[in-house]
Amino acid sequence: VRIGQINLGRSRLATDEIRRIAEEMKVDVLLLQEPYSVGGRIPGFGVRDTVLVGGGHQPMAAVVIMTDEVDAVIFDDLSDSHCVFVEVAGSSVGRLVLVSAYFQFSEPVEGYLDRLERGLRELRGGSRRVVIGADVNAKSELWFSGREDDRGRAVKEFIFVNNMYILNKAGGLKTYIRGREGTNIDITLCGESVVSSVRYWKVSDVEVNTDHRLILFGIEGLRGGGRGQRTRVRNIGWNRYIDYLGEEVDRKRTEWSEGAQVGDRIRGLQEGMLAAARRATVGSGRRKRQKQRWWSGDLEKKKKEVYRLRRKAQGERDEERRRAAKESYARELKIYKNMVKEAKQGSWGEFLSGEAGKVWGLGFKIESGKRRASTVWHALRTESGLTRSVNEVVREMVNGVVVKDSSVNESVWQRGVRENLAARERDLESGDVDPVDEEEVLGAVGRFRKGKAPGLDGVSVEMVMHGWEVIGEDVVKIMNECLSGGMFPREWKEGELVMLRKGDDRDPRLVSSYRPVCLLPVLGKVWERVVLQRMECMIENSWDEWQYGCRKGRSVDDVLMQLGKRVEGSEAKYVMGIFFDIKGAFDHLWWPHLKLRLLELGVPVEMYRIVASFLSERSVTLRARSCMTVGSVERGCPQGSVLGPYLWCVAFNELLGELRSRGVRGLAFMDDLCILIEGNSRAELERSGSSSSSFVYEWCAERKLEVSEDKTAGMLLKGRLHVERPPRVEMCGRRVKVVREYKYLGVWLTPGLRVGVHVERMCAVIERKWEKLRRLSGKDWGYGFREMRLVYKSVVESVWSFGASFVWPRLLSADKKRLGQCQRRVLLTLLKGYRTVPTCALPVSAGVLPVVRKMEEACKGYLVRRGMSVEIGGREVDCDEMEVEGIDRIKARLREGILEGWQEAWRNETKGRPVVDFIPDVRKRFQERWWTMDHYVMQVLTEHGAGRAYLFRFGKVDRSVCVCGREDSVRHKVFDCVCGDRERFLLKKEMDRHGVMWPADLRGWCNSEAWPFLAKLAKSQLSLYGVYSV
1 VRIGQINLGR
11 SRLATDEIRR
21 IAEEMKVDVL
31 LLQEPYSVGG
41 RIPGFGVRDT
51 VLVGGGHQPM
61 AAVVIMTDEV
71 DAVIFDDLSD
81 SHCVFVEVAG
91 SSVGRLVLVS
101 AYFQFSEPVE
111 GYLDRLERGL
121 RELRGGSRRV
131 VIGADVNAKS
141 ELWFSGREDD
151 RGRAVKEFIF
161 VNNMYILNKA
171 GGLKTYIRGR
181 EGTNIDITLC
191 GESVVSSVRY
201 WKVSDVEVNT
211 DHRLILFGIE
221 GLRGGGRGQR
231 TRVRNIGWNR
241 YIDYLGEEVD
251 RKRTEWSEGA
261 QVGDRIRGLQ
271 EGMLAAARRA
281 TVGSGRRKRQ
291 KQRWWSGDLE
301 KKKKEVYRLR
311 RKAQGERDEE
321 RRRAAKESYA
331 RELKIYKNMV
341 KEAKQGSWGE
351 FLSGEAGKVW
361 GLGFKIESGK
371 RRASTVWHAL
381 RTESGLTRSV
391 NEVVREMVNG
401 VVVKDSSVNE
411 SVWQRGVREN
421 LAARERDLES
431 GDVDPVDEEE
441 VLGAVGRFRK
451 GKAPGLDGVS
461 VEMVMHGWEV
471 IGEDVVKIMN
481 ECLSGGMFPR
491 EWKEGELVML
501 RKGDDRDPRL
511 VSSYRPVCLL
521 PVLGKVWERV
531 VLQRMECMIE
541 NSWDEWQYGC
551 RKGRSVDDVL
561 MQLGKRVEGS
571 EAKYVMGIFF
581 DIKGAFDHLW
591 WPHLKLRLLE
601 LGVPVEMYRI
611 VASFLSERSV
621 TLRARSCMTV
631 GSVERGCPQG
641 SVLGPYLWCV
651 AFNELLGELR
661 SRGVRGLAFM
671 DDLCILIEGN
681 SRAELERSGS
691 SSSSFVYEWC
701 AERKLEVSED
711 KTAGMLLKGR
721 LHVERPPRVE
731 MCGRRVKVVR
741 EYKYLGVWLT
751 PGLRVGVHVE
761 RMCAVIERKW
771 EKLRRLSGKD
781 WGYGFREMRL
791 VYKSVVESVW
801 SFGASFVWPR
811 LLSADKKRLG
821 QCQRRVLLTL
831 LKGYRTVPTC
841 ALPVSAGVLP
851 VVRKMEEACK
861 GYLVRRGMSV
871 EIGGREVDCD
881 EMEVEGIDRI
891 KARLREGILE
901 GWQEAWRNET
911 KGRPVVDFIP
921 DVRKRFQERW
931 WTMDHYVMQV
941 LTEHGAGRAY
951 LFRFGKVDRS
961 VCVCGREDSV
971 RHKVFDCVCG
981 DRERFLLKKE
991 MDRHGVMWPA
1001 DLRGWCNSEA
1011 WPFLAKLAKS
1021 QLSLYGVYSV
């Protein structure tokens, strides 16, 4: 593995250069000191590069992993802004700790040495497997920097005490250059066991925009790991794949004996699909190292010129000539920096322009945060301390996720469940069951989306879909054998564990800060889907009406609507909601209770045996590149499986029935439970709330589930009590905290069911998302209007529409104003208009509904889907009329009613009147898809732009008259000014060639044939006069 070490001097240009140099020299790891940073983040590296810093607003040290062939774990407890401890792990060396450190010259060196010594002491094994790259800002003969100073003596003592070896070599280039002379203040240290693995150490002569030179050294034995190379689906030629798959499966069929086991045939199909995919793959299928697209020959030439001037200035002895040389160097360096900046911006714009046809491509993934660097492992807290290796981290992750089921110290009730289950399983008798046909299985396959990650076996959804004609018959036979034998094959129960960080605000040293997702074999999930479809029909009538999860025709909107209806419709003076959080609910599901529930619900024997087999002998594997850990699963339902969520709801459904029998109202969506406590006095609330909360807590404890005391909270949803003295509700002796804000199913609730807090949080989320997504489109590059409008409708409108059935009826005027402000900010960047454009004109120009009307449409659309009466166009439409006309027709009428109301408001609007000249009817604008908008067309449309009349209003120019003597408006520039006659003449000729007439008035431009020419005319005219006008 090749390692680079350099101090970047907090230079952005140096950061850009080192990324390119590391790519050219095939450097795998960079140890950086004084990197350029913004808000604690180091920009300039690729999305696949892993940048590790110790924290702080301005990190002074960093480790960058630029290869995907080693694992890396950062020790957060040992790292800080000036010192970063990272372990990398490969196939031979095992543990190798890399340390990047910067000893600030203005601070005593002893503090930094103490940090290093503490870190070496904490890492069991001390300095034996450590490599330290540091800018020590100290001199000593030990590293060939001349006369030793006090700082150097302290560093030398540290080296001797900790038995470190120094890799710096005598002669050659100096690591630090200042003026005509240089010295060595950057050192590389290593432990005793690493010395034999170091193959070289040298100071590179490659120039970077910093006073330090790049140090390169290599360590042998870190390549490779335990993580296999997956076949990249997009590189497979599917026609060849089908041909090869036929050959592979035929070969496997000849190997199978007459009585071949199900497992043997499953493994044979898996191996056949993988072999066919490898044979049909075009290219190596391996990821190539990223290249910086923006670097060019001109930049390379300019760089050499700039650094030649720097060497000349450093070596000049005459004071006058040195000053002149420095001025020349500074001038050319500024030009060079601007060239780099323009090249990067141009490259990004060119890349996005190429991505414009693929709206959800790599560009969108980068800006939306969906494309992140490789997994970063963090040292985890355990009962005995902190983990100190990748192997320990992986093992602790698995142990923290996999929950064991022990019968020791069980209660009488729990032992009774086991005994009752065992007795009922002995009395099971097999019955007749309809076999699975190919249509049923193929329907289950079709419900899976392409592009999803494969399971541990490496078989993707695409491989199954494209190869169905070859493997379909074998798959159906296997599933019929599973159905008749009541089994779920073990090969389909082996999952790959992926740990996803729940949020950047979570402590990365806690296993609970990660969400485990289990990647299962595709064919196994197909079999789960077939089983689920049959089970749904069998126990559909057994659901409690308060359970809304995993049920057809029910959603989050239903829960929120019922919550509002029950609170506002209650006759009690007070209504209190208690929201329960169950720790790791899906991972802690107790299987004996679940299986007993299935038998009590009357699930057919064959279905029960399949589910019991599905739950038994499960395992998960967490793989790093250098190691892997397998864990045996004894409780829980896999997150990522098809059956898992459904089985959870089956078990949890019992609680809702028991709450109902106690006269307590509750609502549940999966594991999110809310109970509503009604009362006419504080004492009644406290008594009933404490009783019900304790019952839920005890019910969960009996079934080996744990209610989180910290996250469980209560809120007074109706009525008023003193803020300083909320109801005292106790849950088995533990007080339930009462809050004034709570996020339930994605909606922020407050007392009285007001939605102001939710609106504010929602707008903040949208503005934060759009601030990133706006970088997809520039003035003349990147995504076009249509692509950005699609992003807007998919990302922004989906946030506004979520929970609209609950939020929209409760909007106050202040809430609507805040929503309008949020939409204004988004649409101004979408349309690239001036900030003075009236708010009412922005949705009309963009062809999107105003946010409040969009939420109204979403709310009423929900009511229509549920068959509830709704007001459309000022008239009440009841369920009988919906049944006669049909849902689709009613929804069309709803859209017409929304547009009619918008048109009426637009007709009466006093602002934004110039837009009416082009778009008098918002309905036509909303329904037509040929419209495109840009910075220049928006100026023509709104009359807010580069005309002197507009700028004169704000005191930007001293007169409002054009050079031709007429009032200088934007439309005057585009359509009338004599200075643009030539451009208009050429455009008319081009329109004649395409058979398009020059419009007689402004509205004549509003058609799909003439509009592109208007955009071209506006750009040519306003670009011509833009500089003059300003």
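Letter by letter, the sequence shown follows residues 1 to 1030 of the UniProt record's numbering.
Using N, Cα and C, we set each Cβ at its ideal position, and we do this for glycine too.
Asked                                                                                                                                                                            : Found
Where does the unbroken beta strand (DSSP E) through residue 871 begin, and where does it stop?                                                                                  : 870 to 872
Would you identify the three-state DSSP class for residue 1011, choosing helix, strand or coil?                                                                                  : helix
Out of curiosity, what's the CA-to-CA distance linking residue 20 and residue 292?                                                                                               : 6 Å
How close, in whole Å, do the beta carbons of residue 143 and residue 168 come, if the pair is a contact with beta carbons under 8 Å?                                            : 4 Å
Could you have a look at residue 235 and say whether DSSP puts it in helix, strand or coil?                                                                                      : helix
Determine the DSSP secondary structure at residue 453, reduced to helix, strand or coil.                                                                                         : coil
Does the Cβ of residue 510 have 16 or more other Cβ atoms within 10 Å, making it buried, or fewer, making it exposed?                                                            : exposed
List, from N- to C-terminal side, the beta strand (DSSP E) runs of 3 residues or more that fit wholly inside the segment 3 to 82.                                                : 29 to 33, 50 to 53, 61 to 65 and 71 to 74
I need the DSSP call for residue 932, collapsed to helix, strand or coil.                                                                                                        : coil
Which of the three DSSP states is assigned to residue 693 in this structure?                                                                                                     : helix
For residue 127, which residues of its own chain have a beta-carbon under 7 Å away from its beta-carbon, when the five flanking residues on both sides are left out?             : A caution first: residue 127 carries a pLDDT of 47, below 50, which makes its placement in the model unreliable, though a value can still be read off. Within the same chain, residue 127 has close Cβ partners 120, 162, 163, 164 and 191.
Short of 6 Å in beta carbon distance, which residues of its chain neighbour residue 337, apart from the five on each side in sequence? Order them along the chain.               : 13
Fully enclosed by the segment 80 to 152, which beta strand (DSSP E) runs are 3 residues long or longer?                                                                          : 83 to 89, 95 to 102 and 130 to 135
Taking the alpha helix (DSSP H) that residue 785 belongs to, which residues open and close that run?                                                                             : 785 to 791
On the criterion of 16 or more Cβ atoms from any shown chain inside 10 Å, does residue 774 qualify as buried, or is it exposed?                                                  : buried
Return the residue from the list 848, 956 and 981 that minimises the CA-CA distance to residue 929.                                                                              : 848
Quick one: grab the DSSP three-state call for residue 728.                                                                                                                       : coil
Reducing DSSP to helix, strand and coil, say where residue 285 ends up.                                                                                                          : At residue 285, the pLDDT of 49 sits below 50, so the modelled position is not reliable and the matter cannot be decided from this model.
Tell me which residues share the same chain as residue 410 and place their Cβ nearer than 6 Å to its Cβ, disregarding the 5 neighbours each side in the sequence.                : none
Do residue 666 and residue 656 have their beta-carbon atoms positioned less than 8 Å apart in this structure?                                                                    : yes
Just the Cα atoms here: how many angstroms apart are residue 1029 and residue 183?                                                                                               : Any answer about residue 1029 is weak, because its pLDDT of 34 lies below 50 and its placement is not dependable; what the coordinates show is given next. Each residue's alpha carbon lies about 55 Å from the other.
Provide the residue span of the alpha helix (DSSP H) that contains residue 651, from first to last.                                                                              : 643 to 661
Measure the Cβ-Cβ separation of residue 530 and residue 605 and say whether it is below 8 Å.                                                                                     : no
Can you list, in chain order, the residues of its chain with a C-beta nearer than 6 Å to that of residue 761? Leave out the 5 residues immediately preceding and following it.   : 748
With distances taken between CB atoms, is the gap from residue 185 to residue 156 smaller than 8 Å?                                                                              : no
State yes or no: is the C-beta of residue 574 within less than 8 Å of the C-beta of residue 680?                                                                                 : yes
Candidates 932, 854 and 843: which alpha carbon is nearest residue 921's?                                                                                                        : 843
Can you check DSSP and say which residues form a bridge with residue 367?                                                                                                        : For residue 367, which the question treats as bridged, DSSP gives no partner whatsoever.
Drop a sphere of 10 angstroms on the beta-carbon of residue 234, count the other beta-carbons inside from all chains shown, and report buried for 16 or more, exposed for fewer. : exposed
Mapping the DSSP letters down to three states, classify residue 782 as helix, strand or coil.                                                                                    : strand
Round the Cβ separation of residue 852 and residue 830 to the nearest angstrom and send it over; I've been treating them as touching at under 8 Å.                               : Wrong, their Cβ atoms sit about 18 Å apart, outside the cutoff.
Straight-line CA distance for residue 1 to residue 625?                                                                                                                          : 15 Å
I need the straight-line Cα distance from residue 539 to residue 598, nearest angstrom please.                                                                                   : 9 Å
By how many angstroms is the C-alpha of residue 487 removed from the C-alpha of residue 543?                                                                                     : 26 Å
Tell me which residue opens and which closes the alpha helix (DSSP H) that residue 748 is part of.                                                                               : Counting along the chain, residue 748 falls outside any alpha helix (DSSP H), though it belongs to the beta strand (DSSP E) covering 747 to 749.
For residue 891 and residue 864, I'd like the C-alpha separation in whole angstroms.                                                                                             : 7 Å
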